[in-house]
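These notes concern the structure reproduced below.
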Amino acid sequence: MNSPKSVAASSIPPRRVGLISLGCAKNLVDAEIMLGSLLKSGVEIVNDPAQADAVIVNTCSFIDAAQEESVDTIFESTAFREQTRPGQAVIVSGCMPQRFREELPKLMPEVDVFMGIDQVEQVGQIVEQAIAARSAKLNATPVKGARPKKALQAKLAELEAAKGDHDHDHDHEASLRGSAQFGRTKQVITLKAEPPAAQVTLRPNYIPHHDTPRFRLTPKHFAYVKIAEGCNHPCSFCIIPRMRGSHRSRQQADLVAEAKALIKDGVKELNLISQDSTYYGLDLRPNHSRAISSPEKFTAATKTLAADATTLGTLLRELNSLKGDFWIRLLYTHPAHWTDELIQTIAECRKVARYVDMPLQHIHDDMLTRMRRETTGQYIRELITRIRAGIPGIALRTTFIVGFPGEKEAHFRTLLDFIRETKFERLGIFAYSQEDGTTAGKMEQQVPPKQRQKRREQAMAAQHEVAIAVAESFVGRTLKVLVEGEATPKQIEAARVSSWEHGLIRQTESGKNATLDVQARYLVARGEADAPDIDGRVYLRGQLPVGKFAKVKVVGHTDYDLIAEPV
213 MNSPKSVAAS SIPPRRVGLI SLGCAKNLVD AEIMLGSLLK SGVEIVNDPA QADAVIVNTC
273 SFIDAAQEES VDTIFESTAF REQTRPGQAV IVSGCMPQRF REELPKLMPE VDVFMGIDQV
333 EQVGQIVEQA IAARSAKLNA TPVKGARPKK ALQAKLAELE AAKGDHDHDH DHEASLRGSA
393 QFGRTKQVIT LKAEPPAAQV TLRPNYIPHH DTPRFRLTPK HFAYVKIAEG CNHPCSFCII
453 PRMRGSHRSR QQADLVAEAK ALIKDGVKEL NLISQDSTYY GLDLRPNHSR AISSPEKFTA
513 ATKTLAADAT TLGTLLRELN SLKGDFWIRL LYTHPAHWTD ELIQTIAECR KVARYVDMPL
573 QHIHDDMLTR MRRETTGQYI RELITRIRAG IPGIALRTTF IVGFPGEKEA HFRTLLDFIR
633 ETKFERLGIF AYSQEDGTTA GKMEQQVPPK QRQKRREQAM AAQHEVAIAV AESFVGRTLK
693 VLVEGEATPK QIEAARVSSW EHGLIRQTES GKNATLDVQA RYLVARGEAD APDIDGRVYL
753 RGQLPVGKFA KVKVVGHTDY DLIAEPV
């Protein structure tokens with residue numbers, strides 16, 4: 213990185229770059245690495261796009277809504293560029309270029325360079341290439357023309373359908389961020405020039421390292437730690453492996469080094485993320501086979517591991533042994549890969565938050581088979597019993613998909629009964645999104661969109677009753693919480709409709725359980741049962757240091773959030 217002295221001595225001002233990141237926490241880490249790499253190369257990061265020499269749009273392409281949001285943001289960026297700063301380069305990174313590596317340069321000539329996941333650390337060089345490409349385009353003859361976004365989106369869907377289904381693994385979590393305006397047509401100026409450059413590998417294999425440059429975008433007190441990348445699962449509704457590649461774990465020593473640095477920097481919560489955290493380490497064994505997705509094969513594989521083999525359990529135990537007061541939160545686990553050893557490890561490691569994120573997607577055997585989830589309803593029920601018995605006080609978080617192809621009313625009723633019986637502490641519902649290029653996208657018996665949404669509303673109503681009872685059970689208890697900051701009036705007003713993951717919003721209910729005084733001042737915090745940006749909140753009356761742990765007593769609740777006072 214250039215020192216302040218060397219920058220001042222140079223007559224050439226540093227490049228200025230802005231970045232817009234969409235998608236999940238895993239995509240956010242990629243964005244953090246790009247920013248860190250840019251800073252290391254002497255680039256100045258700016259928030260105002262009007263000041264930027266180049267703008268990077270880090271895209272998500274998990275489901276149609278995410279892809280539409282990415283297209284919308286790209287078009288907004290190129291349109292803004294035409295109106296305010298014609299020489300500005302626009303770079304598109306992330307999952308969308310990975311999914312359409314050959315097609316996007318032809319479909320989006322407005323973009324100057326496309327880059328993939330493997331290129332995140334080379335972003336400084338790519339920025340220079342993009343600026344040069346933009347300069348060359350300005351010397352070409354401009355041609356005005358209409359570029360409807362909906363037409364482009366339809367073309368992408370057509371291309372995806374033509375490709376067929378190649379991989380069927382799954383990314384269990386993908387939050388949608390950024391603009392909420394999908395599918396609005398805009399007119400922009402296209403240029404008569406060569407298609408933009410594409411630097412996207414067919415099958416990504418990149419994973420970060422502990423000394424990889426990184427500029428964190430999360431608050432100082434928590435961070436995401438990407439323990440692995442890619443996925444080996446054959447879920448019929450998912451496109452992730454084609455975009456993210458096969459599962460590849462980071463070395464345990466490397467992750468521990470990163471964790472130590474984060475803790476030293478003041479981090480109080482390490483959120484472990486990957487496409488499938490429970491598979492961590494299994495690909496590091498000698499002569500490993502990826503065909504161990506089912507519970508039986510996975511358990512058999514773990515029993516043959518050497519005594520010093522790396523697993524999620526060994527990682528959790530070593531992180532738990534580090535000095536300091538912090539939480540370790542486990543996100544994105546797969547039900548097929550839970551073992552008794554993992555349950556025992558979490559129970560014995562007090563720094564591991566009593567919280568498990570485990571997307572189940574359905575409970576009926578017919579649906580689980582069609583989804584290629586490699587689990588059965590009986591297996592899931594028995595696993596939940598084992599986890600709750602083995603880890604007292606655990607909060608279980610899951611997600612379900614309703615309206616999946618072939619889902620009959622009886623299948624859905626079984627799921628509703630399961631939600632009411634199991635009483636998940638945290639739960640989100642997907643209405644199925646028909647994705648081209650997936651096995652499920654071509655299945656017969658597609659459920660009409662209106663029926664999917666109706667079932668989602670019914671499932672959320674069932675969980676709403678559960679959520680109220682769960683919140684009520686906390687009243688009078690003393691909790692350890694991590695204080696996030698002062699609650700804004702908007703947060704307080706929306707306390708009872710806090711956002712679910714995947715961009716879904718909890719419906720507003722009647723105010724009979726609300727006890728928040730909208731005129732009062734509150735701090736907002738999270739307990740062990742609340743992951744950042746996903747779950748509920750704890751609203752505190754009183755003064756406590758921000759970014760630190762505190763003991764509080766719960767004195768009330770809303771439908772999904774708690775109200776507490778310092779102890």
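If you read the sequence shown in the numbering used here, its first letter stands for residue 213, the second for the next number, and so on. Ideal placement from N, C-alpha and C gives every residue a C-beta, glycine not left out.
Just how far apart, CA to CA, sit residue i and residue j?
i: glutamine 464; j: arginine 598; result: 27 Å
i: isoleucine 451; j: methionine 327; result: 19 Å
i: proline 416; j: proline 661; result: 34 Å
i: arginine 227; j: aspartate 276; result: 34 Å
i: alanine 405; j: glycine 306; result: In this prediction, alanine 405 has a pLDDT of 43, which is less than 50 and means its spatial position is unreliable; what the coordinates show is noted afterwards. Their backbone Cα atoms lie some 24 Å apart in a straight line.
i: glutamate 637; j: alanine 679; result: 7 Å
i: proline 261; j: glutamate 322; result: 16 Å
i: glycine 748; j: proline 225; result: 45 Å
i: glutamate 656; j: phenylalanine 616; result: 11 Å
i: isoleucine 641; j: arginine 502; result: 29 Å
i: glutamine 300; j: aspartate 569; result: 41 Å
i: alanine 352; j: alanine 652; result: 44 Å
i: arginine 541; j: lysine 318; result: 42 Å
i: phenylalanine 686; j: leucine 774; result: 8 Å
i: glycine 815; j: glycine 768; result: Residue 815 lies beyond the range of the chain shown here (213 to 779); nothing can be said about it.
i: arginine 297; j: glutamate 244; result: 25 Å
i: leucine 528; j: alanine 471; result: 11 Å
i: aspartate 648; j: isoleucine 555; result: 37 Å
i: threonine 522; j: aspartate 466; result: 12 Å
i: leucine 691; j: arginine 738; result: 10 Å
Mapping DSSP to helix, strand and coil, what is residue i?
i: isoleucine 485; result: strand
i: threonine 650; result: coil
i: threonine 296; result: helix
i: glycine 602; result: helix
i: arginine 497; result: coil
i: tyrosine 734; result: coil
i: lysine 252; result: helix
i: phenylalanine 616; result: coil
i: alanine 221; result: Bear in mind that the predicted position of alanine 221 carries a pLDDT of just 44, short of 50, making it too unreliable to give a figure here.
i: alanine 344; result: helix
i: methionine 672; result: helix
i: arginine 428; result: coil
i: isoleucine 451; result: coil
i: methionine 655; result: coil
i: glutamine 573; result: strand
i: isoleucine 717; result: Residue placement at isoleucine 717 cannot be trusted, given a pLDDT of 31 that sits under 50; the coordinates are not used to answer.
i: lysine 692; result: strand
Check for me: the beta strand (DSSP E) holding residue i runs from which residue to which?
i: serine 233; result: 228-233
i: aspartate 629; result: Here aspartate 629 belongs to no beta strand (DSSP E); instead the alpha helix (DSSP H) covers 621-634.
i: aspartate 569; result: 564-569
i: valine 750; result: 750-752
i: serine 506; result: No beta strand (DSSP E) contains serine 506, which DSSP labels as neither H nor E.
i: lysine 438; result: 434-438
i: asparagine 417; result: It is not in any beta strand (DSSP E) - asparagine 417 carries neither H nor E in the DSSP assignment.
At what residues does the alpha helix (DSSP H) containing residue i begin and finish?
i: glycine 768; result: Note, glycine 768: premise wrong, no alpha helix (DSSP H); beta strand (DSSP E) at 761-769.
i: arginine 638; result: Where arginine 638 is concerned, there is no enclosing alpha helix (DSSP H), although the beta strand (DSSP E) it sits in stretches over 638-643.
i: alanine 469; result: 464-476
i: arginine 582; result: 577-583
i: glutamate 553; result: 552-560
i: arginine 179; result: For the chain, the structure presents residues 213 to 779; residue 179 sits outside this window and is missing.
i: methionine 308; result: 307-311
Check whether the Cβ atoms of residue i and residue j lie closer than 9 Å to each other.
i: alanine 776; j: lysine 765; result: yes
i: glutamate 633; j: arginine 667; result: no
i: isoleucine 475; j: glycine 536; result: yes
i: aspartate 488; j: histidine 422; result: no
i: glycine 313; j: valine 302; result: According to the sequence provided, residue 313 is arginine. The question's glycine does not apply to it. Going by C-beta atoms, arginine 313 is not nearer than 9 Å to valine 302.
i: proline 757; j: valine 695; result: yes
i: leucine 543; j: isoleucine 485; result: yes
i: valine 479; j: phenylalanine 538; result: yes
i: proline 547; j: tyrosine 491; result: no
i: glutamate 698; j: arginine 733; result: yes
i: proline 446; j: serine 533; result: no
Is residue i close to the ligand MN? I mean its beta-carbon at under 8 Å from any heavy atom of the ligand.
i: tyrosine 567; result: No copy of the ligand MN occurs in the structure displayed, which carries no ligand at all.
Report yes or no: do three or more beta-carbon pairs, one from the region 339-347 and one from the region 421-440, lie closer than 8 Å? no
Is there contact between the region 737-750 and the region 605-625, where contact requires at least three CB pairs shorter than 8 Å? yes
Whether or not the region 262-282 and the region 499-517 are in contact is what I'm after, with contact meaning three or more pairs of Cβ atoms, one per stretch, closer than 8 Å; do they touch? no
So, do the region 568-580 and the region 619-628 have three or more beta carbon pairs nearer to each other than 8 Å? yes
Does the region 417-424 come close enough to the region 438-449 that 3 or more CB-CB pairs lie under 8 Å? yes
Tell me, please, whether the region 328-342 touches the region 280-293 by the rule of three or more beta-carbon pairs shorter than 8 Å. no
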